[in-house]
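Protein chains in written order, with my numbering: chain A, 512 to 648; chain B, 512 to 648; chain C, 512 to 648; chain D, 512 to 648.
Using N, Cα and C, we set each Cβ at its ideal position, and we do this for glycine too.
See below for the structure under consideration.
Protein chains: 4
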Amino acid sequence: MSLNAKEVEQLIRAGLPMAEDMDLRIDDAGERYARVTAPFSSRMIRPGGTISGPVQMALADAAMYAAILATLGRAEMAVTSNLNINFLNKPQPGDLTAEAIVLKLGRRLAFCEVRLLSGDDDVLVAHVTGCYALPAK
Amino acid sequence: MSLNAKEVEQLIRAGLPMAEDMDLRIDDAGERYARVTAPFSSRMIRPGGTISGPVQMALADAAMYAAILATLGRAEMAVTSNLNINFLNKPQPGDLTAEAIVLKLGRRLAFCEVRLLSGDDDVLVAHVTGCYALPAK
Amino acid sequence: MSLNAKEVEQLIRAGLPMAEDMDLRIDDAGERYARVTAPFSSRMIRPGGTISGPVQMALADAAMYAAILATLGRAEMAVTSNLNINFLNKPQPGDLTAEAIVLKLGRRLAFCEVRLLSGDDDVLVAHVTGCYALPAK
Amino acid sequence: MSLNAKEVEQLIRAGLPMAEDMDLRIDDAGERYARVTAPFSSRMIRPGGTISGPVQMALADAAMYAAILATLGRAEMAVTSNLNINFLNKPQPGDLTAEAIVLKLGRRLAFCEVRLLSGDDDVLVAHVTGCYALPAK
Numbered sequence: 512m513s514l515n516a517k518e519v520e521q522l523i524r525a526g527l528p529m530a531e532d533m534d535l536r537i538d539d540a541g542e543r544y545a546r547v548t549a550p551f552s553s554r555m556i557r558p559g560g561t562i563s564g565p566v567q568m569a570l571a572d573a574a575m576y577a578a579i580l581a582t583l584g585r586a587e588m589a590v591t592s593n594l595n596i597n598f599l600n601k602p603q604p605g606d607l608t609a610e611a612i613v614l615k616l617g618r619r620l621a622f623c624e625v626r627l628l629s630g631d632d633d634v635l636v637a638h639v640t641g642c643y644a645l646p647a648k
Numbered sequence: 512m513s514l515n516a517k518e519v520e521q522l523i524r525a526g527l528p529m530a531e532d533m534d535l536r537i538d539d540a541g542e543r544y545a546r547v548t549a550p551f552s553s554r555m556i557r558p559g560g561t562i563s564g565p566v567q568m569a570l571a572d573a574a575m576y577a578a579i580l581a582t583l584g585r586a587e588m589a590v591t592s593n594l595n596i597n598f599l600n601k602p603q604p605g606d607l608t609a610e611a612i613v614l615k616l617g618r619r620l621a622f623c624e625v626r627l628l629s630g631d632d633d634v635l636v637a638h639v640t641g642c643y644a645l646p647a648k
Numbered sequence: 512m513s514l515n516a517k518e519v520e521q522l523i524r525a526g527l528p529m530a531e532d533m534d535l536r537i538d539d540a541g542e543r544y545a546r547v548t549a550p551f552s553s554r555m556i557r558p559g560g561t562i563s564g565p566v567q568m569a570l571a572d573a574a575m576y577a578a579i580l581a582t583l584g585r586a587e588m589a590v591t592s593n594l595n596i597n598f599l600n601k602p603q604p605g606d607l608t609a610e611a612i613v614l615k616l617g618r619r620l621a622f623c624e625v626r627l628l629s630g631d632d633d634v635l636v637a638h639v640t641g642c643y644a645l646p647a648k
Numbered sequence: 512m513s514l515n516a517k518e519v520e521q522l523i524r525a526g527l528p529m530a531e532d533m534d535l536r537i538d539d540a541g542e543r544y545a546r547v548t549a550p551f552s553s554r555m556i557r558p559g560g561t562i563s564g565p566v567q568m569a570l571a572d573a574a575m576y577a578a579i580l581a582t583l584g585r586a587e588m589a590v591t592s593n594l595n596i597n598f599l600n601k602p603q604p605g606d607l608t609a610e611a612i613v614l615k616l617g618r619r620l621a622f623c624e625v626r627l628l629s630g631d632d633d634v635l636v637a638h639v640t641g642c643y644a645l646p647a648k
């Protein structure tokens with residue numbers, strides 16, 4: 512039932528035009544985790560020369576979704592019910608990576624934690640928690 | 512010092528390519544509030560035919576930013592420090608509107624609340640709170 | 512099915528020893544709202560002579576619970592699934608009041624917003640959102 | 512400048528009557544972390560025989576505060592600016608433990624993550640993030 516990184520990437524890009532526009536890459540995905548990268552584009556910028564908040568939120572949300580799809584298989588109808596993000600450091604204008612883990616997998620809900628990392632030394636730029644409502648089986 | 516809706520829109524679009532890509536419109540803005548619309552585009556969709564979470568978060572963040580700029584003037588270096596969103600109802604595939612108010616304006620922080628509304632009957636589709644760190648004067 | 516303020520107060524105090532210890536009073540309650548007061552006690556204090564965060568959180572949580580009980584009747588098994596609080600101003604060392612409204616009442620979830628008010632001029636000291644998981648009927 | 516577990520416990524109990532009422536114990540504390548236990552008491556209960564949300568929030572907040580005091584020394588005037596808690600599993604009616612780490616320590620803000628653990632097998636019962644505003648030096 513579970514999906515590998517390539518299958519998750521195809522599923523997400525097919526369903527989410529924005530993921531395709533951002534050229535999101537699923538680097539790795541498996542039981543309860545995923546690692547997703549947003550390659551740098553000049554469209555991501557905000558004043559100050561850093562990467563905008565919405566790009567970081569979109570990446571974090573996609574990473575949670577990827578971790579859930581990798582774990583449950585074709586649960587595309589899973590939807591975010593809550594997302595809380597704290598911006599800790601300004602990302603460099605470069606690729607941004609998200610590491611998501613599923614901290615609790617219930618029958619109806621999945622609760623996830625995501626770390627957003629920037630630069631060669633993987634600076635923690637944002638911390639995210641989120642809850643997904645899972646489709647009935 | 513404060514800015515009107517048109518000035519806020521120009522400032523946001525000049526600094527945020529994503530706001531331009533989304534064709535964000537500042538409908539109204541003034542002392543401690545702003546009303547911002549994301550016109551519908553097929554790139555906003557997610558599985559289920561509704562508007563994706565990241566689009567909703569981007570719109571909410573822009574509305575908070577607009578309310579702050581309308582109030583403080585050219586404070587483009589204000590940055591989101593926290594955003595918490597609860598998704599309450601699935602938006603229709605149409606224009607999405609955000610109404611932001613500044614609940615507390617401190618010297619260093621602005622705390623905002625945003626309601627995302629969808630459809631002709633303004634269904635509340637998401638509730639957002641967020642905190643912006645303000646630039647030193 | 513719905514309960515009035517007195518009935519809600521009895522139900523909460525019977526089930527939550529901490530509510531009794533805090534002498535919580537349900538000032539008013541009805542369809543989708545409740546107003547709850549925590550009378551001042553010197554046990555509520557924290558360094559700086561203000562009221563501690565945990566007291567504010569306990570009051571906010573009780574106000575959401577009261578609004579849900581007032582609306583649904585004897586749903587004591589409703590449990591908080593998420594609570595997010597932003598502390599905006601330091602409360603005075605006096606009675607603290609919470610006004611809770613239910614923004615969305617689903618079959619399985621209730622999403623609430625609470626404002627904590629302090630002093631004769633009802634200063635907004637904290638803003639809270641929270642989600643309750645509702646018991647199956 | 513930093514404080515050990517015993518010193519942190521004395522400081523917290525002296526300033527927070529509620530911490531004393533709860534008999535909070537600082538099991539361990541050091542650079543950017545703390546482990547705090549709330550010994551079980553029948554006053555902690557809520558309907559369903561589990562430990563109430565406010566007790567969990569109070570413990571989590573105290574653990575963040577302890578981690579900050581252990582790191583910075585006598586910074587009692589540090590105050591919570593935001594706390595977000597997700598309740599994941601119902602705690603057993605027994606001692607509850609919080610493990611807090613400081614994920615980012617800025618000049619003006621400390622951002623923390625807390626895990627609440629219950630029972631002999633340390634079940635994760637709640638996940639908390641929080642932000643403290645630090646006093647000027």
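Where does residue i fall in DSSP's three states?
i: C:Asp526; result: Contrary to the premise, residue 526 of chain C reads as Gly rather than Asp in this sequence. C:Gly526 falls in the helix class under three-state DSSP.
i: C:Arg546; result: strand
i: C:Gly641; result: strand
i: A:Lys601; result: coil
i: A:Lys615; result: strand
i: D:Ser553; result: helix
i: D:Ala516; result: helix
i: D:Glu531; result: helix
Using the beta-carbon of each residue, which ones in chain B are nearer than 8 Å to residue i?
i: A:Ser629; result: What A:Ser629 touches in chain B: nothing, since even the nearest Cβ is about 15 Å away.
i: A:Arg618; result: Result: empty, since nearest Cβ-Cβ is about 19 Å, beyond 8 Å.
Taking all protein chains shown into account, decide if residue i is buried (16 or more other Cβ within 10 angstroms of its Cβ) or exposed.
i: B:Gly617; result: exposed
i: B:Gln567; result: buried
i: D:Gly605; result: exposed
i: D:Arg585; result: exposed
i: D:Met588; result: exposed
i: B:Ala540; result: buried
i: C:Ala569; result: buried
i: C:Gly560; result: exposed
i: A:Arg626; result: buried
i: D:Glu531; result: exposed
i: D:Arg693; result: No information on residue 693 of chain D is available, as it lies outside the stretch 512 to 648 that chain D covers here.
i: A:Ala647; result: exposed
i: A:Ala525; result: exposed
Run through chain C and tell me which residues come within less than 7 Å of residue i, C-beta to C-beta.
i: D:Ile537; result: Correct list: empty, because the minimum Cβ distance to chain C is about 16 Å.
i: D:Gly526; result: Arg557, Pro558
Check for me: the alpha helix (DSSP H) holding residue i runs from which residue to which?
i: B:Ala573; result: 564-583
May I ask which residues mark the beginning and end of the beta strand (DSSP E) holding residue i?
i: D:Pro536; result: At residue 536 of chain D the sequence reads Arg, which differs from the Pro that was named. Where D:Arg536 is concerned, the enclosing beta strand (DSSP E) stretches over 536-541.
i: A:Ser497; result: This structure cannot speak to residue 497 of chain A, because chain A is shown only from 512 to 648.
Residues of chain A with CB under 9 Å from residue i, in chain order?
i: B:Ala574; result: Within chain A, no residue comes near B:Ala574; the closest Cβ sits about 12 Å away, beyond 9 Å.
i: B:Val590; result: Arg557, Pro558, Gly559, Thr561, Gly564, Phe598, Lys601
i: B:Glu587; result: Arg557, Pro558, Gly559
Just to make sure I have the definition right: I need the residues of chain C whose C-beta is within less than 9 Å of the C-beta of residue i. Which are they?
i: B:Lys615; result: Asn597, Leu599, Asn600, Leu635, His638
At 9 Å on the CB atoms, spell out the chain D contacts of residue i, in chain order.
i: B:Asn515; result: The premise fails here: B:Asn515 is roughly 31 Å from chain D at the closest Cβ pair, so nothing lies under 9 Å.
Since residue i meets chain B, which of its residues come closer than 7 Å, beta carbon to beta carbon?
i: A:Ala540; result: Here the premise fails: no neighbours, minimum Cβ distance about 18 Å.
Please list, in chain order, the chain B residues whose beta carbon lies closer than 9 Å to that of residue i.
i: A:Leu594; result: Gly564, Met568, Leu594, Asn595, Ile596, Asn597, Phe598
i: C:Phe622; result: Asn597, Leu599, His638
With 9 Å as the threshold, decide whether the Cβ of residue i is near any Cβ in chain F.
i: B:Met529; result: Although the question refers to chain F, the structure presented lacks it and instead comprises the protein chains A, B, C and D.
Mind pulling the chain D residues with CB within less than 8 Å of residue i?
i: C:Arg554; result: Pro528, Met529, Asp532
Check whether the Cβ of residue i sits closer than 8 Å to any heavy atom of the ligand ZN, and report yes or no.
i: C:Asp633; result: No copy of the ligand ZN occurs in the structure displayed, which carries no ligand at all.
Checklist entry - Taking contact to mean at least 3 C-beta pairs separated by less than 8 Å, is the stretch 512-519 of chain D in contact with the stretch 624-638 of chain C? => result No: fewer than three Cβ pairs fall under 8 Å.
Checklist entry - Are the stretch 546-559 of chain B and the stretch 545-563 of chain D in contact at 8 Å, needing three or more beta carbon pairs? => result Judged by Cβ distances under 8 Å, the stretch 546-559 of chain B makes no contact with the stretch 545-563 of chain D, as fewer than three pairs qualify.
Item to check | Stretch pair the stretch 543-551 of chain C + the stretch 562-577 of chain D: three plus CB contacts closer than 8 Å | outcome: These segments do not touch.
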